[in-house]
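Asks:
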Amino acid sequence: MMTTLNFVNEQEYLYTKGAIDRVLPRCSKIVVDGKEVPLTDKYIKQIINNANSFSENALRVIVFAYKKHNGLLLSEEDEKDLVFVGAVGIIDPPRDGVSDAIKLAKKAGIKVVMITGDHPLTAKVIADQLGILTPNGAVMTGDELNQITDDELLVKVKSIDVFARVNPNHKTRIVTALQRNKLTVAMTGDGVNDSPSLRKADVGIAMGQSGSDAAKEAADVILADDNFSSIINGVVEGRNAYQKIKRATTFLLAANPQVIAMFIVIL
Numbered sequence: 079m080m081t082t083l084n085f086v087n088e089q090e091y092l093y094t095k096g097a098i099d100r101v102l103p104r105c106s107k108i109v110v111d112g113k114e115v116p117l118t119d120k121y122i123k124q125i126i127n128n129a130n131s132f133s134e135n136a137l138r139v140i141v142f143a144y145k146k147h148n149g150l151l152l153s154e155e156d157e158k159d160l161v162f163v164g165a166v167g168i169i170d171p172p173r174d175g176v177s178d179a180i181k182l183a184k185k186a187g188i189k190v191v192m193i194t195g196d197h198p199l200t201a202k203v204i205a206d207q208l209g210i211l212t213p214n215g216a217v218m219t220g221d222e223l224n225q226i227t228d229d230e231l232l233v234k235v236k237s238i239d240v241f242a243r244v245n246p247n248h249k250t251r252i253v254t255a256l257q258r259n260k261l262t263v264a265m266t267g268d269g270v271n272d273s274p275s276l277r278k279a280d281v282g283i284a285m286g287q288s289g290s291d292a293a294k295e296a297a298d299v300i301l302a303d304d305n306f307s308s309i310i311n312g313v314v315e316g317r318n319a320y321q322k323i324k325r326a327t328t329f330l331l332a333a334n335p336q337v338i339a340m341f342i343v344i345l
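Take the sequence shown: its position 31, counting from 1, is numbered 109 in my numbering, and each next residue is one higher.
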């Protein structure tokens with residue numbers, strides 16, 4: 079959620095935008111036909127239904143509100159009794175090739191988990207489109223994470239495909255739970271808030287183009303093209319190289335027993 083102070087026709091206004099579950103509870107009025115009227119349960123239901131409809135179509139929902147304000151200072155108390163203006167749905171389509179990369183990851187025995195700050199409905203639809211969501215996979219929110227212990231998360235984490243509405247602490251808990259399940263975890267991120275989980279992961283991967291300096295410093299690998307597909311391609315190429323080295327070593331040892339004996343004598 080973000081709030082700014084603005085002057086319009088010599089009147090100071092407080093303008094707020096953010097997620098519906100953050101902004102709507104702070105509103106007490108709504109603009110209808112150009113007039114401010116009380117925000118009744120009827121209007122709240124309509125707003126939530128419309129927002130859910132946006133989310134179910136893979137749109138990220140941002141809502142807007144305002145109120146008159148006096149004074150140059152702004153506190154959290156000022157962000158109450160707002161006037162709801164409206165909502166917009168923004169599409170952020172997945173990059174080309176991501177869906178194919180996820181299929182390749184599954185063939186390679188790699189599970190891809192989505193961890194996002196988006197609304198759970200939006201996250202679920204996008205995860206389904208990309209092939210991340212499995213038939214028995216579940217979606218867990220940050221609020222639900224707050225209600226369970228680390229030991230409970232340890233049991234549930236392997237069946238969760240999508241974590242939505244999460245904060246930096248949640249991300250670190252998720253990485254830790256996966257590691258406690260004896261899994262090797264690679265974590266991608268680009269923001270300052272991703273730094274703790276990037277450090278915690280076995281392999282932290284930061285975005286080279288869009289990533290913050292803090293994320294790059296915390297990561298083990300910096301992805302030059304910001305392309306998820308490059309991660310999977312890198313893993314596949316690495317495994318192929320390992321197998322070739324393994325076969326070559328086996329061949330050399332089998333074909334040169336005299337060399338092996340010589341090394342044993344020297345040692």
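Ideal Cβ positions, reconstructed from N, Cα and C, are used throughout, including at glycine.
Which parts of the segment 136–193 are runs of the beta strand (DSSP E), unbroken and 3 residues or longer, counting only runs that do not cross its ends?
Replies: Runs of the beta strand (DSSP E) inside the segment 136–193: 137–146 and 160–169.
Asks: Which of the three DSSP states is assigned to Leu301 in this structure?
Replies: Three-state result, Leu301: strand.
Asks: How is the alpha helix (DSSP H) around Lys120 delimited, first residue to last?
Replies: Element bounds for Lys120: Asp119 to Glu134.
Asks: For Leu261, which of helix, strand or coil comes out of DSSP?
Replies: Three-state result, Leu261: coil.
Asks: What is the DSSP secondary structure of Leu211, counted as helix, strand or coil?
Replies: Leu211 falls in the coil class under three-state DSSP.
Asks: Apply the 10 Å Cβ neighbour rule to Lys120 and answer buried if 16 or more other Cβ atoms are within range, or exposed otherwise.
Replies: Answer is exposed; the Cβ neighbour count stays below 16.
Asks: Touching or not, the segment 205–221 and the segment 239–259, by the rule of three or more beta carbon pairs under 8 Å?
Replies: Flag = yes, the segment 205–221 and the segment 239–259 touch.
Asks: Do Ser307 and Asp170 have their beta-carbon atoms positioned less than 9 Å apart in this structure?
Replies: Not closer than 9 Å, so no.
Asks: Go to Val86, then tell me how far its alpha helix (DSSP H) extends in each direction, as first and last residue.
Replies: Looking at the DSSP string, Val86 is not in any alpha helix (DSSP H); the run it does join, the beta strand (DSSP E), is Met80 to Val86.
Asks: Restricting to Cα atoms, I'd like to know which of Gly269, Leu232 and Glu315 is closest to Gly195.
Replies: It is Gly269 whose Cα lies nearest to the Cα of Gly195.
Asks: Answer with buried or exposed for Ala302, where buried requires no fewer than 16 other C-beta atoms within 10 angstroms of its C-beta.
Replies: Exposed is the call here.
Asks: Using the DSSP secondary-structure output, state which residues sit across from Gln89 in a beta bridge.
Replies: DSSP lists Val86 as partners of Gln89.
Asks: Could you tell me which residues DSSP pairs with Thr328 in its beta bridges?
Replies: Looking at the DSSP assignment, Thr328 forms no beta bridge with any residue, so it has no partner.
Asks: Would the C-beta of Lys158 count as close to the ligand HEM, meaning under 8 Å from any of its heavy atoms?
Replies: Of the ligands one can find in the structure shown there are none, so the ligand HEM has no counterpart to examine.
Asks: Quick check on this structure: which residue in Ile180, Ala293 and Val166 has the alpha carbon closest to the alpha carbon of Asn271?
Replies: Nearest C-alpha to Asn271: Ala293.
Asks: Output needed for Gly209: all residues of its chain with C-beta closer than 8 Å, excluding positions within five of it in sequence on either side, in chain order.
Replies: The residues are Ser177, Ile180, Lys181 and Lys184.
Asks: Would you list the one or two residues that DSSP bridges to Gly282?
Replies: BP columns for Gly282 point to Met265.
Asks: Just to confirm the assignment, what range does the alpha helix (DSSP H) spanning Ile98 have?
Replies: Residues Ile98 to Val101.
Asks: Beta-carbon within less than 6 Å of Pro274's beta-carbon, same chain only, minus the 5 sequence neighbours each way: which residues are those?
Replies: Once the five neighbours on either side are set aside, the close Cβ partners of Pro274 are Pro246 and Thr250.
Asks: How would you write the range of the alpha helix (DSSP H) that Lys236 sits in, first residue to last?
Replies: Here Lys236 belongs to no alpha helix (DSSP H), and DSSP marks it neither H nor E.
Asks: Decide if Ala296 is buried, meaning its Cβ has at least 16 other Cβ atoms within 10 Å, or exposed.
Replies: Label assigned to Ala296: buried.
Asks: Just the Cα atoms here: how many angstroms apart are Glu230 and Met265?
Replies: Cα to Cα, the separation comes out at about 22 Å.
Asks: Could you pull out every residue in the same chain whose Cβ sits closer than 7 Å to the Cβ of Ile267, ignoring the five residues on either side in sequence?
Replies: According to the sequence shown, residue 267 is Gly rather than Ile. These residues qualify, in order along the chain: Ser275, Leu276, Ala284 and Ala293.
Asks: Does DSSP classify Val115 as helix, strand or coil?
Replies: Note: Val115 maps to strand in three-state DSSP.
Asks: So, Val115 versus Ile126, is the Cβ gap smaller than 9 Å?
Replies: Not closer than 9 Å, so no.
Asks: Around the C-beta of Ser133, are 16 or more other C-beta atoms found within 10 angstroms, so that it is buried, or is it exposed?
Replies: Ser133 is buried by the Cβ-count criterion.
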